[in-house]
Amino acid sequence: MAVSLSSSTLPWVECIIDGRNQAAVGFIRLMDIDIPHTAPLPPTPRRLPRRLDEHALAWLVAAVTLVPLGVVLASLWQPEGEVWRHMAEFVLPQLLINTAWLIAGVAVGTLGLGVSLAWVTAIYDFPGRKHFAWALALPLAMPAYVLAFVQIGLYDFTGPLQSLIRDIAGDSSWFPSIRSRGGVILTLTLVLYPYVYLLARNAFLTQGRRALEAAASLGLSRRQGFWRVALPMARPWLVGGVSLALMECLADFGTVATFNYDTFTTAIYKAWFGLFNLTAASQLASLLVMAVLALALLEQRARGDKRYTATGRGAANRPERLPPWRGWMVAGACLLVLSLAFLVPMAQLLYWAWSVAAEQLDLRYMGFVGRSLALSAGAAGVVVVLALVLAYAVRRKRDIASRLAARLATLGYAVPGTVLAVGVFIPLAWLDNHLITAAHALGWAGVSEVIKGTLLVMLLAYAARFLAVAFEPTQSAMQRITASQEEAAASMGLGRRAVLWRIHLPMLRGGLLTAALMVFVDVMKEMPITLMTRPFGWDTLAVRVFEMTSEGQWEMAALPSVAIVLAGLIPVILLAVQTEKHA
Amino acid sequence: MSKSLLTLDGVGVTYDDKRVLHDLSFTLLEGEIGCLLGASGCGKTTALRAIAGFEPIRAGRIAINGDTVATVADHWPPQRRGVGMVFQDYALFPHLTVAGNVGFGMNGVASAARRQRVDELLEVVGLAGYADHYTHALSGGQQQRVALARALAPAPRLLLLDEPFSNLDVELRERLSQEVRDILKSRGMTALLVTHDQHEAFALADKIGVMEGGRLRQWDAAYALYHEPADRFVADFVGEGAFLPAEVVGPGELVFELGRRNCLAMQDCATGSKVQVLLRPDDVLHDDASTLQARVVKKAFRGAQFLYTLALPSGATVLSLVPSHHDHAIGESIGIRLEIDHVIAFA
């Protein structure tokens with residue numbers, strides 16, 4: 047990875063960003079695999095049977111991601127069906143226009159907001175700076191689809207703001223409609239700017255400071271220093287942050303669905319559930335994958351081949367104090383962003399949830415919570431085990447093949463959930479048909495579904511999507527175990543299995559817990575995979591939010607949303623406590 | 010008569026209510042190379058940053074070339090001070106080429122003139138032909154040269170160097186520090202560097218200030234620091250040496266185990282008071298003819314010389330540098346002679 051995140055107050059966000067970045071960058075760096083910087087371990091005597099070879103294990107894990115991706119991409123070469131022709135003529139142009147606007151708008155929005163917030167919190171001192179520094183990342187804890195319906199509820203014609211305007215001015219028809227292209231862009235910008243903010247801030251803090259001093263000693267003012275030094279030096283970080291935001295944007299389903307703004311993800315969903323046309327869904331999905339790929343390539347080009355190394359260590363330089371009136375203005379601007387993106391929506395959400403809590407907080411609601419928890423926990427377990435296997439294989443082998451397997455296996459995080467849902471379902475449905483035929487041939491006439499309609503479809507899709515999230519912390523924990531620690535254990539007579547149990551697992555515990563937590567929270571928030579692959583009756587909190595927002599019932603959608611947002615805050619709190627302890 | 014280019018007058022700096030610099034005063038003349046020497050945490054880097062304008066001062070006054078650039082009330086920003094700085098980690102700009110880095114601070118210079126000056130400076134630092142390279146591809150020593158050229162390019166009135174050689178290996182460090190001194194001297198540059206390495210300080214600087222606990226203990230030429238340290242701390246910190254008990258026997262005269270000597274710069278001590286005499290290893294010579302005998306208790310091979318630790322009859326020890334063909338075994342007694350006219354003593 048070219049962009050490294052070293053010091054920040056928010057390790058959980060870095061985890062997310064690292065995972066996402068890895069997946070994004072992985073797309074185009076498949077062949078550019080780092081040579082391991084430590085010497086390979088001495089070959090151990092082979093006692094494992096051939097079928098447990100680490101290469102085989104690594105590629106088996108990678109298949110979880112590769113098969114769905116391959117299936118989707120293969121549909122590019124499938125014959126064009128009637129449905130597809132219709133789509134290409136009447137649907138596709140609008141999808142492309144909508145997507146292009148969305149990408150352009152979110153890119154400009156997140157860049158402007160993220161960079162300016164990062165600059166003021168990194169370089170200047172103003173009232174509340176320390177608190178804003180971490181609070182401005184909070185919008186990441188709120189899923190975009192939750193902010194989407196809260197925005198509509200807040201700013202629509204019947205919402206509190208326009209009602210207030212009418213009460214005062216008598217007319218609110220001049221107020222721009224939130225249900226518009228601008229509304230979608232604004233909403234996604236408010237949710238996604240933290241990616242740019244965090245990465246840019248990191249760049250300004252780790253390498254901007256000392257470089258800015260050097261610029262000042264060469265006669266440049268702060269403002270000149272920003273344009274001539276800080277900004278160009280932060281470019282790889284900025285490009286990284288924006289491309290993460292745009293990938294999220296391409297993958298987003300819930301927000302655009304709520305705003306009725308047609309993009310590829312909603313079109314895939316409609317082809318799937320509205321037209322029951324797997325081929326069309328898969329062809330749309332392949333186009334979306336191409337868009338993600340194009341973005342990744344663009345990112346690579348924009349980043350350039352210059353290797354950016356940090357200039358200077360964390361300098362003792364303290365931020366420059368702003369004069370009071372300017373300081374308060376900056377604090378006000380930060381507060382405004384935070385309010386729009388988090389505080390006001392959160393307040394509205396809690397208010398709605400409270401208003402329906404008495405009647406809605408029933409057994410049925412507990413059912414949503416229970417299923418969400420069960421699914422998240424199950425997926426976390428599965429994904430962490432897969433990540434552990436992958437990380438272990440890479441560690442044992444340390445060769446191109448195993449690293450390539452890891453790269454490919456973690457691509458799924460860059461692939462939209464709708465795409466993976468399609469990609470997982472198609473081969474399993476095919477397999478199912480064969481199993482059913484076989485069962486019928488064996489005389490079990492009653493068999494109609496074997497795999498389809500089970501949790502397996504869902505878990506595999508989750509695994510493909512979230513493997514990167516678990517792999518990052520697992521691998522970095524694994525890297526902290528040195529070869530000499532293993533050798534020390536071996537010299538005391540421990541076999542390979544004993545080393546695994548008595549050295550690896552105890553030392554990995556923290557990393558694995560982080561991995562499980564990240565996956566847990568991500569699955570909790572996940573919407574399209576859950577919607578598209580859930581077995582009958584497996585309605586979760588996210589599904590409930592989708593159904594209620596589809597009907598415009600904001601109050602009803604608020605209650606499950608609160609639970610999801612609270613779950614999203616768990617890692618923030620836990621890891622903040624952890625950081626506090628370490629500090 | 011050269012004028013004073015940098016003057017610090019009672020400068021104090023405070024971090025979060027903690028004083029890190031107390032009452033720092035010294036003067037650097039035009040064309041002189043000064044050095045602040047001390048262990049890490051002694052405040053030397055803070056002093057440099059205060060001069061550059063990166064730290065506000067809480068007491069005193071800093072003047073550069075006659076302009077008062079910092080007082081408690083008035084703080085000139087770094088870009089107004091006309092001070093060049095070479096950072097410990099070089100702080101080169103990774104998004105610019107070598108030429109881009111060196112030419113960075115030359116604002117308002119026409120591009121042709123700028124290019125010419127960049128080329129000339131690269132020539133001076135021995136990097137001609139590297140103009141279009143990116144800095145991350147350069148070795149540590151080359152990066153150091155780029156940083157120096159970049160700092161010199163805007164023709165600053167004063168050059169500051171923060172531990173400029175600490176990231177280099179020993180051999181390169183010595184060669185480069187000599188080169189840097191030559192470059193600075195040939196341009197008549199006034200410079201102040203900060204280091205923890207006394208060899209570096211001796212090799213480069215005309216004036217050296219020894220710092221400890223945020224205070225300047227002594228500001229002097231290297232010879233004076235070594236042979237006429239102002240206090241016991243400086244005597245210990247700079248060079249090697251041993252202390253022998255002595256008794257003041259008259260005005261400026263004292264007696265100790267190795268004889269009777271005049272005392273230099275001795276605080277007026279009453280006759281009969283007890284003091285400690287500083288003896289450097291080069292004050293104590295090996296002389297087979299001498300009647301003064303001392304026993305070898307430790308020896309360290311230094312190439313051209315041995316550093317012997319010798320026990321006197323009283324049990325006190327002194328150090329002696331002896332040409333290395335005088336190879337004596339531990340336990341052997343050898344003759345020594347004192348090669349010193351005036352001694353330094355501390356109460």
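Read top to bottom, the protein sequences are chains A and B. Heads up, the first sequence is in this note's numbering, so the first residue is 47 and it goes up one at a time. Heads up, the second sequence is in this note's numbering, so the first residue is 10 and it goes up one at a time. Glycine included, every Cβ here is placed at the ideal spot set by N, Cα and C.
Asked                                                                                                                          : Found
CB of A/Trp318 within 8 Å of CB of A/Met573, strictly                                                                          : no
Chain-ordered residues of the segment 244-277 of chain A with a beta carbon less than 7 Å from chain B                         : Arg256, Ala257, Glu259, Ala260, Ala262, Ser263, Leu264, Gly265, Leu266, Ser267, Val275
Short Cβ contact (8 Å threshold) for B/Arg166 with B/Val107                                                                    : no
Supposed contact pair A/Val242 and A/Val161 - C-beta distance, whole angstroms, cut 8 Å                                        : 6 Å
Interface residues of chain A facing B/Ala61 [CB-CB closer than 7 Å]                                                           : Ser263
Listed by chain order, chain B residues near A/Met279 by CB distance under 8 Å                                                 : Phe102, Pro103, His104
Below-8 Å beta-carbon distance, B/Asp26 vs any chain A residue                                                                 : no
Residues near A/Asp202 by beta carbon distance below 6 Å, same chain, minus five either side                                   : Ile224
Local Cβ density within 10 Å of A/Thr582, reported as buried at 16 or more and exposed below that                              : Note on identity: in this sequence residue 582 of chain A is Phe, with Thr being the wrong assignment. Exposed, since its Cβ has fewer than 16 Cβ neighbours within 10 Å.
Contacts of B/Gly93 in chain A (Cβ-Cβ under 9 Å)                                                                               : Ser263, Leu264
Neighbour flag for B/Asp363 against chain A, beta carbons, 8 Å                                                                 : Here chain B comprises residues numbered 10 to 356, so residue 363 of chain B is not present and cannot be evaluated.
Three CB pairs or more closer than 8 Å across the segment 312-330 of chain A and the segment 423-439 of chain A                : no
Buried or exposed (CB count within 10 angstroms, at least 16 for buried), A/Leu94                                              : Residue confidence for A/Leu94 is low, a pLDDT of 47 falling below 50, so the modelled location carries little weight and cannot support an answer.
Chain D contacts made by the segment 73-91 of chain B, where a contact means CB separation under 9 Å                           : Looking at the structure shown, chain D is missing, and the protein chains on hand are A and B.
CB of B/Arg90 within 8 Å of CB of B/Ile73, strictly                                                                            : yes
CA-to-CA distance, A/Ala246 to A/Leu184, given in whole angstroms                                                              : 16 Å
Three-state class that DSSP yields for B/Lys194 in the structure shown                                                         : helix
Length of the line joining the Cα atoms of A/Asn479 and A/Pro206                                                               : 53 Å
Any chain A beta carbon closer than 8 Å to B/Phe174                                                                            : no
Test: B/Phe96 CB closer than 8 Å to a CB of chain A                                                                            : yes
Stretch-stretch touch, CB-based, cutoff 8 Å, three pairs: the segment 283-296 of chain B with the segment 326-333 of chain B   : yes
Option in A/Ser263, A/Arg417, A/Ala510 with minimal Cα separation from B/Phe113                                                : A/Ser263
Beta-carbon neighbours of B/Gly21, restricted to chain A and to distances below 8 Å                                            : The contacting residues do not exist; B/Gly21 stays about 17 Å from chain A at best.
Every unbroken alpha helix (DSSP H) within the segment 140-166 of chain B, with a cutoff of 4 residues, ordered by chain       : 149-161
Within-8 Å CB hit, A/Asp80 to chain B                                                                                          : At A/Asp80, the pLDDT of 38 sits below 50, so the modelled position is not reliable; the number obtained from the coordinates is stated separately. Not one chain B Cβ lies under 8 Å of A/Asp80.
Exposure of A/Ile610, with buried meaning 16 or more beta-carbon neighbours within 10 Å                                        : buried
Cβ neighbour criterion (16 or more within 10 Å) applied to A/His177                                                            : exposed
Helix, strand or coil at A/Leu343 [DSSP, three-state]                                                                          : helix
Whole alpha helix (DSSP H) elements within the segment 173-250 of chain A, 4-residue minimum                                   : 175-181, 190-201, 206-215, 227-249
In chain order, each alpha helix (DSSP H) run of at least 4 residues that lies wholly inside the segment 352-432 of chain A    : 370-384, 390-406
Per-residue contacts from B/Gly114 into chain A (C-beta, under 7 Å)                                                            : Leu264, Gly265
Touching by the beta-carbon criterion (3+ pairs, under 8 Å), the segment 409-422 of chain A and the segment 583-594 of chain A : yes
Endpoints, beta strand (DSSP E) assigned at B/Met94                                                                            : 92-95
Beta-carbon proximity of B/Gly47 to B/Val219, cut-off 8 Å                                                                      : yes
Cβ of A/Gly360 within 8 Å of any chain B Cβ                                                                                    : Since pLDDT at A/Gly360 reaches only 45, below the 50 mark, its modelled position is unreliable, and no value is offered.
Cβ-based burial, B/Gly52 [other Cβ within 10 Å; buried from 16]                                                                : buried
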